[in-house]
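2 protein chains.
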Amino acid sequence: MKEKQMPKYLQLKQEILSWLHTGRLKPNDQMPSENEIAEQFQMSRQTVRQTFGELEQEGWLYRMQGKGTFVSTPQTQKSRDVQTIGILTTYISDYIFPHIVRGAESALRERGYRLLLSSTDNDKGKEKESLDMMMSQPLSGLIIEPTKSAEGNPNLSYYLSLDYLHIPYLMINERYPEMNCPSLVVDDEEGGFKAAQHLIELGHRRIAGFFKTDDLQGINRLKGFIRAHHHYQIPLLPELVIHYLTEEKRQKPYESAITMLGQADERPTAFVCYNDEIAIHLLEAVRTTSLQVPQDISLVGFDDSSLATATEVKLTTLSHPKTEMGADAAKILIDMIQNKRANGSEMGKVYKPELIVRESTIQVSLS
Amino acid sequence: MKEKQMPKYLQLKQEILSWLHTGRLKPNDQMPSENEIAEQFQMSRQTVRQTFGELEQEGWLYRMQGKGTFVSTPQTQKSRDVQTIGILTTYISDYIFPHIVRGAESALRERGYRLLLSSTDNDKGKEKESLDMMMSQPLSGLIIEPTKSAEGNPNLSYYLSLDYLHIPYLMINERYPEMNCPSLVVDDEEGGFKAAQHLIELGHRRIAGFFKTDDLQGINRLKGFIRAHHHYQIPLLPELVIHYLTEEKRQKPYESAITMLGQADERPTAFVCYNDEIAIHLLEAVRTTSLQVPQDISLVGFDDSSLATATEVKLTTLSHPKTEMGADAAKILIDMIQNKRANGSEMGKVYKPELIVRESTIQVSLS
DNA sequence: CTACCGTATATGTACATACAAGTTGAGCAA
DNA sequence: TTGCTCAACTTGTATGTACATATACGGTAG
Numbered sequence: 004m005k006e007k008q009m010p011k012y013l014q015l016k017q018e019i020l021s022w023l024h025t026g027r028l029k030p031n032d033q034m035p036s037e038n039e040i041a042e043q044f045q046m047s048r049q050t051v052r053q054t055f056g057e058l059e060q061e062g063w064l065y066r067m068q069g070k071g072t073f074v075s076t077p078q079t080q081k082s083r084d085v086q087t088i089g090i091l092t093t094y095i096s097d098y099i100f101p102h103i104v105r106g107a108e109s110a111l112r113e114r115g116y117r118l119l120l121s122s123t124d125n126d127k128g129k130e131k132e133s134l135d136m137m138m139s140q141p142l143s144g145l146i147i148e149p150t151k152s153a154e155g156n157p158n159l160s161y162y163l164s165l166d167y168l169h170i171p172y173l174m175i176n177e178r179y180p181e182m183n184c185p186s187l188v189v190d191d192e193e194g195g196f197k198a199a200q201h202l203i204e205l206g207h208r209r210i211a212g213f214f215k216t217d218d219l220q221g222i223n224r225l226k227g228f229i230r231a232h233h234h235y236q237i238p239l240l241p242e243l244v245i246h247y248l249t250e251e252k253r254q255k256p257y258e259s260a261i262t263m264l265g266q267a268d269e270r271p272t273a274f275v276c277y278n279d280e281i282a283i284h285l286l287e288a289v290r291t292t293s294l295q296v297p298q299d300i301s302l303v304g305f306d307d308s309s310l311a312t313a314t315e316v317k318l319t320t321l322s323h324p325k326t327e328m329g330a331d332a333a334k335i336l337i338d339m340i341q342n343k344r345a346n347g348s349e350m351g352k353v354y355k356p357e358l359i360v361r362e363s364t365i366q367v368s369l370s
Numbered sequence: 004m005k006e007k008q009m010p011k012y013l014q015l016k017q018e019i020l021s022w023l024h025t026g027r028l029k030p031n032d033q034m035p036s037e038n039e040i041a042e043q044f045q046m047s048r049q050t051v052r053q054t055f056g057e058l059e060q061e062g063w064l065y066r067m068q069g070k071g072t073f074v075s076t077p078q079t080q081k082s083r084d085v086q087t088i089g090i091l092t093t094y095i096s097d098y099i100f101p102h103i104v105r106g107a108e109s110a111l112r113e114r115g116y117r118l119l120l121s122s123t124d125n126d127k128g129k130e131k132e133s134l135d136m137m138m139s140q141p142l143s144g145l146i147i148e149p150t151k152s153a154e155g156n157p158n159l160s161y162y163l164s165l166d167y168l169h170i171p172y173l174m175i176n177e178r179y180p181e182m183n184c185p186s187l188v189v190d191d192e193e194g195g196f197k198a199a200q201h202l203i204e205l206g207h208r209r210i211a212g213f214f215k216t217d218d219l220q221g222i223n224r225l226k227g228f229i230r231a232h233h234h235y236q237i238p239l240l241p242e243l244v245i246h247y248l249t250e251e252k253r254q255k256p257y258e259s260a261i262t263m264l265g266q267a268d269e270r271p272t273a274f275v276c277y278n279d280e281i282a283i284h285l286l287e288a289v290r291t292t293s294l295q296v297p298q299d300i301s302l303v304g305f306d307d308s309s310l311a312t313a314t315e316v317k318l319t320t321l322s323h324p325k326t327e328m329g330a331d332a333a334k335i336l337i338d339m340i341q342n343k344r345a346n347g348s349e350m351g352k353v354y355k356p357e358l359i360v361r362e363s364t365i366q367v368s369l370s
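Protein chains in written order, with the numbering used here: chain A, 4 to 370; chain B, 4 to 370.
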């Protein structure tokens, strides 16, 4: 009797599970009563109860006092094959993130994955919290848009624990060389270059730049902006380069622009803006003076957001993959999950931004 | 002895859980043996086993045959109490939904819940799919923004299964009287009324309305628009009321507006638009003629989105709670979960939209 | 027909006992 | 000291009983 190795209550469990799997018992069927089973299998009712107790815990059965024991409905039992993927983003509602999330969501849904969403509000503490909550239940993969990237990677050690748990992850909008994961980024340096190049080719020589410098995105755009000046051998005037922090975005660029526009003799003829939001903001600033866009000031934004075409003067801007990036992230992550390639920084992608010329930039009058 | 209502094995469970929470027992501490507990609490060893069994199932304890019973390490135990809540929305990236999601997400995260997000793209089939995937693992609650509401509730039977599973849910932006759940809605009829009222009080008499009529939101706004005309005894000209479907939103309102503006003698003096997006669109339409906003045409939008202030002429519009609504939905849902009130349509909320007067509406010249 | 009351039967709680099986450490023998 | 046995613990399995409590159903009084 080799089967004796398995305790009776487990043998009974196997037997009942086979009834369920073979369809001998269907959802909502009533089980034989505890006493019936006990008699049939020549065991005591308490042992049957032990078996039923485990099967109830695992969701196969449910019991109703006075009525009997029943088989659970399928959705409660076979919950196994849907996997979950998390997205950790900085600001859910701002700007272009909804488009990224949308791209990822639809790609995931098509492939039968669920999406967990959490935002960090660019707060390291919240980032840790969010990671904790996400990993509280089985997670198949994670898409991360990191927090405050220009200051390094605060939760690095935390992300490394993902490696330990063999949870594949990738990063969007940012790349950390020290982390061995794919990253999907826009070549912001190229974007900054193209923005400045476009204006220079239109004859502009005094170009102001407004860049948020507490994330790598802003710093890279600024780098490209500077490189274009060097490349075309245009002197870059320090007083025309404004950098600001996230907290200052409502005031500093606006006020700096007003100040610049007040100096009639050394006034810039074009603005390159960190993104469309700031561009719209500076468009306002220009309007408060007697100057006009694009006649007096040409304006270039970034990201090709919905704001860019909402204005009367449609913004010239640089494209951002948005939805495509989200969808790509989802696809690559699923590929990593299915092929068990938990690392693979070679799977990343770099998107080249395209210049979209609209109405906010014109040839400068050669006087 | 009122406490006698609770079975002994549950009383013991509470007691032991309190030991864990107060730190009297720390992770990896050894528990007293089953016999010791049995003697201390004057109960049989079997009863203690029943308690220990549940606590082990729930991850608080682990047992080693021959050695004893021990307290689990934190990561193993508290993985239990993170619950998941789903949001089912029509379009993730459009317009105001990101703000709703953001409000809900931050309220949920504060309270230790995770957020599952899924969008339906206003497709009944996808709605069913999304529901399936969401419920494939334990779900504590669901926030639903229903699909195509003006045509009835296609997946009604599906939602009723939520009742059966005792999953609390609520609806936002829409109310179905036949469903016994709370709903958070904006009083769109009131909004439509206020928009028209504002223009009427500014002296406008020929007011055109553009309404999307394949959801209740649009129909209610239209209702309010009509009611205002009746209330002020202004004749409502049928040719000035345009209704369109979601698929037509890019062409029909725009073209209708152009046509209207072409008729010099019977030209309307104001537009009420279904939302800010259409308002911006019609602002474009006006610009293509030689007319101006607000001098020739006053314009009222809906929802107070970011688009409303992106334009040169800031839009007069009606407020929408957005973030607040998302946060409220999350709070109410958590309340329902914690108080086991699976039904409770009385917990809903109706938001009164406020008129936000900006630059796109002016007093009509009394000629 | 309705309201009420048993009865039968189901699960829920509680206790007692017995033995199996794994762990530990004391104590003894080589 | 080393290696062994064995007693004394632990948890695991199994069975027995008893009573509480919820449900369904049939019969009876009104």
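Ideal Cβ positions, reconstructed from N, Cα and C, are used throughout, including at glycine. The structure presented is a predicted model; accordingly, all values stated were derived computationally and were not measured.
Sheet register partners of residue i (DSSP bridge)
i, result
"A:Ile-337", "Answer by DSSP bridge pairing: none, since A:Ile-337 is not bridged."
"A:Val-275", "A:Gly-212 and A:Val-303"
"B:Phe-73", "B:Gln-33 and B:Tyr-65"
"A:Met-174", "A:Ile-147 and A:Ser-186"
Nearest-angstrom Cα separation, counted from residue j out to residue i
i, j, result
"B:Trp-22", "B:Leu-28", "6 Å"
"B:Tyr-98", "B:Thr-314", "15 Å"
"B:Glu-242", "B:Gln-220", "21 Å"
"B:Leu-202", "B:Glu-108", "37 Å"
"B:Ala-345", "B:Leu-142", "With a pLDDT of 45 at B:Ala-345, under the threshold of 50, the modelled position of this residue cannot be trusted; read the value that follows with caution. Approximately 13 Å, taken between the alpha carbons."
"A:Tyr-162", "B:Met-136", "27 Å"
"B:Gly-194", "A:Ile-237", "55 Å"
"B:His-246", "B:Val-289", "19 Å"
"A:Gln-53", "A:Tyr-12", "7 Å"
"A:Lys-7", "B:Phe-55", "Unreliable placement is indicated for A:Lys-7, whose pLDDT of 46 sits below 50; no coordinate value is reported for it."
"A:Lys-325", "A:Leu-15", "55 Å"
"A:Leu-118", "B:Ser-139", "12 Å"
"B:Ile-261", "B:Phe-213", "13 Å"
"A:Gln-80", "A:Gly-106", "Confidence at A:Gln-80 is low in this model, with a pLDDT of 49, below 50, so the placement of that residue should be treated as unreliable; the coordinate-derived value is given next. Cα to Cα, A:Gln-80 sits roughly 31 Å from A:Gly-106."
"A:Asn-176", "A:Ala-330", "14 Å"
"B:Phe-73", "B:Gln-43", "18 Å"
"B:Arg-114", "B:Ile-19", "25 Å"
"A:Tyr-172", "B:Glu-250", "37 Å"
"A:Glu-132", "B:Met-263", "55 Å"
Test item: CB-CB of residue i and residue j under 8 Å
i, j, result
"B:Ile-75", "B:Ile-95", "The displayed chain sequence assigns Ser, not Ile, to residue 75 of chain B. Going by C-beta atoms, B:Ser-75 is not nearer than 8 Å to B:Ile-95."
"A:Gly-71", "A:Ser-47", "no"
"A:Gln-200", "A:Ala-231", "yes"
"A:Ala-332", "A:Leu-187", "yes"
"A:Ser-282", "A:Leu-318", "Per the sequence shown, residue 282 of chain A should be read as Ala rather than Ser. Cβ atoms of A:Ala-282 and A:Leu-318: closer than 8 Å."
"A:Glu-148", "A:Thr-87", "no"
"A:Leu-336", "A:Ile-170", "no"
"A:Tyr-397", "A:Glu-57", "Nothing can be reported for residue 397 of chain A, as the shown portion of chain A is limited to 4 through 370."
"B:Ile-365", "B:Leu-205", "yes"
"A:Glu-357", "A:Leu-321", "yes"
"B:Ile-300", "B:Ala-273", "yes"
"B:Ser-297", "B:Val-275", "Before going on, a small fix: residue 297 of chain B reads as Pro here, not Ser. No, they are not a contact pair."
"A:Ala-110", "A:Lys-334", "yes"
For residue i, the nearest candidate out of the options (CA to CA)
i, options, result
"A:Tyr-235", "A:Arg-270, A:Lys-197 and A:Asn-38", "A:Lys-197"
"B:Pro-256", "B:Thr-216, B:Leu-239, B:Phe-73 and B:Phe-228", "B:Thr-216"
"A:Ser-309", "B:Asp-279, B:Glu-132, B:Leu-302 and B:Glu-250", "B:Asp-279"
"B:Arg-208", "B:Tyr-116, B:Val-367 and B:Asn-38", "B:Val-367"
"A:Ile-222", "A:Asp-190, A:Glu-357 and A:Asp-268", "A:Asp-190"
"B:Tyr-354", "B:Asp-306, B:Lys-127 and B:Met-263", "B:Asp-306"
"A:Glu-1", "B:Gly-128, B:Asp-124, B:Arg-112 and B:Gly-144", "Because chain A in this structure spans residues 4 to 370, residue 1 of chain A falls outside the shown range and cannot be described."
"B:Leu-285", "B:Lys-252, B:Gly-69 and B:Ile-103", "B:Lys-252"
"B:Gln-17", "B:Asn-38, B:Trp-63, B:Gln-49 and B:Thr-291", "B:Trp-63"
"A:Phe-100", "A:Asp-124, A:Leu-165 and A:Leu-239", "A:Asp-124"
"B:Lys-226", "B:Asp-268, B:Tyr-277, B:Pro-271 and B:Arg-178", "B:Tyr-277"
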